[in-house]
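Have a look at the structure below, then the notes.
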Amino acid sequence: MADGSNIMRTADINKRSTLPAILALSTSTPATRYSQEEIYASLCDHAEFYRQPVVHRIFMNSDIRHRHLYIDLHSFDGMETVDELHERYRRGALEIGKQAIEACLAKGGLNVADIDCIIVASCTGYLCPALSSLYIKELGLRTDVQRADLVGMGCAGAMPALQRAHDFVMAYPSKKALVVAVEICSACYFIDDSLETVVGNSICADGAAALVMGMSHEDVFPKIMGFNTFLEPSCIDRVGFEQREGKLRIILSKDIRDMAGGMARVLIDQILHRFGIPQDQIAHWILHSGGRKVIDGIREELGLSAKQVSRSNYVLENFGNMSSPTVLFVLQATQQSLNGVSPPRKGDLGIMMALGPGLSIEGALLKW
């Protein structure tokens with residue numbers, strides 16, 4: 007039974023109607039979409055190591071059917087220079103990020119003058135001036151807009167970006183914050199004879215998501231009740247990027263798939279205890295599509311059904327792992343009637359969660 011303080015916290019959740027809420031959300035991908043078979047065949051043309059049966063199994067057992075890449079596989083030779091990869095990141099991040107922002111503003115009935123703060127999360131490239139400044143210029147946002155760029159937070163990047171937007175709106179209730187998560191993973195592929203990079207090249211894709219947060223009484227998108235973080239510094243070297251020959255090479259320990267469930271359990275217990283909520287009251291699970299075994303590990307640890315993780319599997323199947331924007335693709339899918347699963351109803355609770363380097367897991371409690 008929940009203690010008195012937890013009962014009070016639950017009551018507080020039920021009576022608070024004006025909270026930071028997601029007012030609009032949209033996603034974008036490169037126009038070029040490839041099947042998993044096409045991507046694998048292209049890599050085999052340029053890397054003999056990829057022709058091994060074990061590599062073929064990794065690609066074909068990923069549960070991924072299609073991915074969007076900011077790349078032309080017909081001219082791809084796997085020999086691009088550091089400068090060429092950097093230029094792909096710059097062009098791609100500007101293009102699909104701008105598309106996501108424009109679609110988001112249109113969906114919310116907003117214009118650029120309504121935005122008071124822009125927060126951008128990205129880890130697959132580095133720009134100075136950063137993407138926030140470039141979007142301000144490209145889209146004509148006000149010149150007094152506050153801005154922040156979060157780098158190096160990997161697949162979890164959208165969650166701390168969301169938290170910064172939440173804090174901004176709490177501090178300035180009449181203002182609105184724009185969050186952008188954008189990755190061009192095809193700008194940091196690395197081809198060598200290791201299964202670690204094979205796994206990265208078999209699941210990573212390109213995508214962008216944008217959302218606007220502000221105070222709201224509406225029931226369109228969820229209100230944000232609060233956030234929790236769980237960091238395991240002893241595993242700091244298990245996932246991320248390293249520099250090799252001036253290029254970004256993925257670090258992706260096979261231990262991650264085994265650790266994901268246990269870390270998720272710790273985070274979920276923290277959130278449920280903090281708000282005095284039993285797990286069976288969580289109607290929606292917005293889990294980052296980090297990979298088949300990551301989703302399965304979290305599902306098994308939390309005792310979730312296939313239906314409860316169907317949105318995460320849908321995004322993995324049709325988009326792959328796009329790093330930071332992926333969990334927002336899952337949130338967008340959750341808002342829709344999809345594969346026999348109904349969208350949220352007023353009063354529903356949900357947990358959104360993403361795993362990233364650090365090793366960290368970031369979560370938020372949502373209420374529709």
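Anchor point for the sequence shown: position 213 equals 219 in our numbering, and the numbering is continuous, going up by one each time.
Glycine is no exception: its CB is placed at the ideal position from the N, C-alpha and C atoms.
Item                                                                                                                                                                                  : Value
Might you give, ordered along the chain, the residues of its own chain that have their beta carbon closer than 6 Å to the beta carbon of Val-61, omitting 5 neighbours on each side?  : Val-204
Have a look at Leu-355 and Met-85 and give me their C-alpha separation to the nearest angstrom.                                                                                       : 48 Å
Is Leu-116 a contact residue of the ligand NAP, with contact defined as CB to any heavy atom under 6 Å?                                                                               : Summarising the ligand content, the structure contains no ligands, and the ligand NAP is consequently not present.
Span of the alpha helix (DSSP H) holding Ile-277?                                                                                                                                     : 261–281
Could you name the residues of the same chain whose beta carbon sits closer than 7 Å to that of Asp-199, not counting the 5 residues immediately before and after it, in chain order? : Phe-55
Relative to the C-alpha of Lys-182, which residue among Met-66, Leu-337, Leu-25 is closest?                                                                                           : Leu-25
Count the C-beta pairs between the segment 311–327 and the segment 172–180 that are closer than 8 Å, then say yes if the count reaches three, no if not.                              : no
Between the C-alpha atoms of Ile-357 and Ser-32, what's the straight-line distance to the nearest angstrom?                                                                           : 19 Å
Can you tell me whether DSSP reads Gly-159 as helix, strand or coil?                                                                                                                  : For the sequence presented, residue 159 should be read as Met rather than Gly. Three-state DSSP puts Met-159 in coil, outside helix and strand.
Does DSSP put Gly-220 in a helix, in a strand, or in coil?                                                                                                                            : strand
Taking just the CA atoms, how far does Cys-241 sit from Glu-248?                                                                                                                      : 15 Å
The alpha helix (DSSP H) that contains Glu-238, what's its start and end?                                                                                                             : Where Glu-238 is concerned, there is no enclosing alpha helix (DSSP H), given that its DSSP letter is neither H nor E.
Grab me the residues of Gly-303's own chain with a C-beta within less than 6 Å of its C-beta, minus the 5 sequence neighbours each way, in chain order.                               : Arg-263, Ala-266, Gly-267
Identify the residues that DSSP records as bridge partners of Ser-41: which are they?                                                                                                 : His-72
Quick test of your reading: Gly-297 and Ile-209, contact by CB under 8 Å. State the CB separation rounded to the nearest angstrom.                                                    : 5 Å
Check whether the segment 317–328 touches the segment 282–300, taking contact to mean three or more Cβ pairs, one atom from each stretch, closer than 8 Å.                            : yes
Entirely within the segment 274–323 and at least 4 residues each: give me those alpha helix (DSSP H) ranges in chain order.                                                           : 298–308
With DSSP run on the structure shown, which of helix, strand or coil describes Met-165?                                                                                               : helix
When DSSP builds the beta bridges, which residues end up paired with Lys-229?                                                                                                         : Ala-27, Lys-373
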